[in-house]
Amino acid sequence: MDLKHHYLELNDGHFIPILGFGTYAPKEVPKSMAREATKLAIEAGFRHIDSAYLYQNEKEIGLAIQSKIADGTVKREDIFYTSKLWCTFHLPEMVQPTLERCLKEVQLDYVDLYLIHFPTPLKPGEETIPRDEHGNLLYDTVDICDTWEAMEKCKDAGLAKSIGVSNFNRRQLEMILNKPGLKYKPVCNQVECHPYLNQSKMLNFCKSNNIALVAYFALGAQRDTWMDQSAPVLLEDPVLCALAKKYKRSPAQIALRYQLQRGVVVLAKSFNEKRIKENIQLESYHGWIELGWERKQTFGFQH
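Residue numbers for the sequence shown follow the UniProt record's numbering, beginning at 1 and rising by one.
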């Protein structure tokens with residue numbers, strides 16, 4: 001199975017590639033690496049590119065996409081680009097101008113998918129993580145349903161083909177789904193999801209509502225300073241490593257394939273050329289359970 005040509009139909013009729021390239025990196029990683037890694041990813045066959053305002057790399061991602069369009073590797077319509085609305089821009093009047101600024105940064109006329117990055121609004125402004133003098137986060141009181149209405153207007157304006165959410169729990173999703181006058185329901189919920197955090201309840205809820213689940217940190221949580229450094233490393237898990245040895249694949253390939261076989265859209269993140277190429281080589285072979293996906297055919301969703 002060549003994953004370069006496999007998609008999932010979203011509830012608005014658009015299609016999302018089931019395997020995406022994640023571009024988040026800690027702030028100490030040079031932004032130029034995101035540009036070069038994205039070029040490598042597109043050359044390897046990735047067509048789904050995931051970024052966000054928070055990552056502060058959309059200019060570099062845009063340069064990578066434009067360079068691959070310019071050299072004939074892809075056309076704009078081949079690329080599925082995701083960006084996300086940050087928490088300091090939840091005020092309805094800030095949503096569309098923020099997306100317009102994103103589009104200017106990434107040099108695109110539209111994004112394929114625009115997500116509310118987190119359900120929690122922060123104090124409006126340019127400071128990404130606003131805090132008071134004691135270091136406490138400064139929150140805002142914007143109704144998430146009002147923010148969603150502004151997202152719907154972005155879709156109507158043609159600035160985003162599809163709209164969705166990220167890091168929402170079931171209750172927060174239901175607030176939108178049950179909103180009076182709802183015009184478009186979220187096409188997806190992007191959450192941390194991997195074998196150590198399989199999100200089975202959220203996956204079942206999303207499938208029952210024809211909402212795609214998109215997995216980030218699919219190869220294990222980012223080991224930033226906030227994380228317990230003694231926590232187990234997913235890609236060193238003995239079961240995962242044993243399966244990798246059995247099937248002559250890498251632990252990362254096993255972890256990614258696990259998600260695809262559950263009907264989850266998965267983001268693979270790496271800035272290493274060898275691993276970027278490896279992560280898209282998830283074709284079927286003897287011993288794997290077949291996914292049964294066809295080009296542009298839905299999997300496990302109700303219509």
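For every residue, glycine included, the Cβ atom is placed at its ideal position computed from N, Cα and C.
Quiz item: Taking the alpha carbon of Thr-82 as the point to measure from, which residue in Leu-19, Glu-133, Ile-69 has its own alpha carbon closest?
Solution: As a first step, residue 82 must be located in the sequence shown, where it is residue number 82. When each option's Cα is compared against that of Thr-82, the closest is Leu-19.
Exercise. Take Asp-146 and list the residues in its own chain whose beta-carbon comes closer than 6 Å to its own, dropping the five residues that flank it on each side.
Key: Along the sequence shown, one-based indexing puts residue 146 at 146. Hits under 6 Å: Pro-92.
Quiz prompt | Start-end ranges of the alpha helix (DSSP H) lying completely within the region 49-133, minimum 4 residues | solution = 58-70, 92-106
Practice problem: Please name the residue, chosen from Ala-64, Thr-73, Cys-87, that lies closest to Asp-143 on a Cα-to-Cα basis. | Solution: For the purposes of this step, residue 143 is identified with residue 143 of the sequence shown, where counting begins at 1. Of the candidates Ala-64, Thr-73, Cys-87, the one whose C-alpha sits nearest the C-alpha of Asp-143 is Cys-87.
Self-check item: Opening and closing residue of the beta strand (DSSP E) in which Val-266 lies
Solution: One-based indexing of the sequence shown puts residue 266 at position 266. Segment 265-268, the beta strand (DSSP E) holding Val-266.
Exercise. Could you say which of Gly-263, Lys-201, Lys-179 lies nearest to Ala-212 if we only look at CA atoms?
Key: Counting from 1 along the sequence shown, the entry for residue 212 is found at position 212. Answer by Cα proximity: Gly-263.
Self-check item: Buried or exposed by the 16-neighbour rule on C-beta atoms within 10 Å, applied to Val-239
Solution: Here residue 239 corresponds to residue number 239 of the sequence shown, with the count starting at 1. Val-239 is exposed by the Cβ-count criterion.
Quiz item: Just checking my contact of Cys-113 with Ser-166 at CB under 8 Å: how many whole Å lie between their CB atoms?
Solution: Counting from 1 along the sequence shown, the entry for residue 113 is found at position 113. Counting from 1 along the sequence shown, the entry for residue 166 is found at position 166. Residue identity check: residue 113 is Leu in the sequence provided, not Cys. Going by Cβ atoms, the distance from Leu-113 to Ser-166 rounds to 10 Å, so no, they are not a contact pair.
Quiz item: Helix or strand or just coil, what does DSSP make of Trp-288?
Solution: Within the sequence shown, numbered from 1, the residue matching residue 288 stands at position 288. Low confidence applies to Trp-288: its pLDDT is 38, below 50, so where it sits in the model is not reliable, and the reading given next is rough at best. Three-state result, Trp-288: coil.
Quiz prompt | Lys-185 versus Phe-15: straight-line alpha-carbon distance, rounded | solution = Residue mapping note: residue 185 aligns to position 185 of the sequence shown, counting from 1. Residue mapping note: residue 15 aligns to position 15 of the sequence shown, counting from 1. The straight-line gap from Cα to Cα measures roughly 15 Å.
Quiz item: Is the beta carbon of Pro-97 less than 9 Å from the beta carbon of Val-265?
Solution: Numbered from its first residue, the sequence shown carries residue 97 at position 97. Numbered from its first residue, the sequence shown carries residue 265 at position 265. No, the pair does not count as a contact, with Cβ atoms beyond the cut-off.
Practice problem: Measure the C-alpha to C-alpha separation of Asp-71 and Asp-78 and round it to an integer number of angstroms. | Solution: Here the question's residue 71 lines up with position 71 in the sequence shown. Here the question's residue 78 lines up with position 78 in the sequence shown. When rounded, the distance between both Cα atoms is 14 Å.
Exercise. Name the one or two DSSP bridge partners that Asn-11 has.
Key: Against the sequence shown, residue 11 aligns to sequence position 11. Answer by DSSP bridge pairing: none, since Asn-11 is not bridged.
Practice problem: Indicate whether Phe-21 and Leu-267 have their beta-carbon atoms separated by less than 9 Å. | Solution: Position 21 of the sequence shown, counted from the first residue, corresponds to residue 21. Position 267 of the sequence shown, counted from the first residue, corresponds to residue 267. In this structure, Leu-267 lies closer than 9 Å to Phe-21 by Cβ.
Exercise. Report yes or no: do the region 255-262 and the region 51-63 share at least 3 C-beta pairs separated by less than 8 Å?
Key: no
Quiz prompt | Completely contained beta strand (DSSP E) runs for the region 190-226, where each covers 3 or more residues | solution = 212-216
Quiz item: In this structure, does DSSP put Ala-244 in helix, strand or coil?
Solution: Numbered from 1 along the sequence shown, position 244 holds the residue referred to as residue 244. Residue state, collapsed to three classes: helix.
Quiz item: Does DSSP put Ser-250 in a helix, a strand or coil?
Solution: Counting from 1 along the sequence shown, the entry for residue 250 is found at position 250. In the structure shown, Ser-250 sits in coil (DSSP, three-state: anything other than H, G, I, E or B).
Quiz prompt | Inter-stretch contact at 8 Å, needing at least 3 Cβ pairs: the region 172-179 / the region 235-249 | solution = no
Practice problem: Please list, in chain order, all residues of the same chain as Ala-44 whose beta carbon is under 6 Å from its beta carbon, the five residues on each side excluded. | Solution: Stepping through the sequence shown from its first residue, residue 44 is reached at position 44. Ile-276, Lys-277, Ile-280.
Self-check item: Buried versus exposed call for Lys-68 [16 or more other C-beta atoms within 10 Å across all chains shown]
Solution: The residue you call residue 68 lines up with position 68 of the sequence shown. So Lys-68 ends up on the buried side.
Practice problem: Answer with buried or exposed for Phe-299, where buried requires no fewer than 16 other C-beta atoms within 10 angstroms of its C-beta. | Solution: Taking the first residue of the sequence shown as 1, we reach residue 299 at position 299. Unreliable placement is indicated for Phe-299, whose pLDDT of 30 sits below 50; no coordinate value is reported for it.
Quiz item: So Ser-166 is in the beta strand (DSSP E); what residue range does that whole segment cover?
Solution: Locating residue 166 in the sequence shown gives position 166, where the first residue counts as 1. 160-166 is the span of the beta strand (DSSP E), which, as asked, contains Ser-166.
Practice problem: Within its chain, find whatever has a CB closer than 7 Å to the CB of Phe-205; leave out the 5 residues flanking it on each side and keep chain order. | Solution: Start at 1 with the first residue of the sequence shown, and residue 205 comes out as number 205. Hits under 7 Å: Arg-170.
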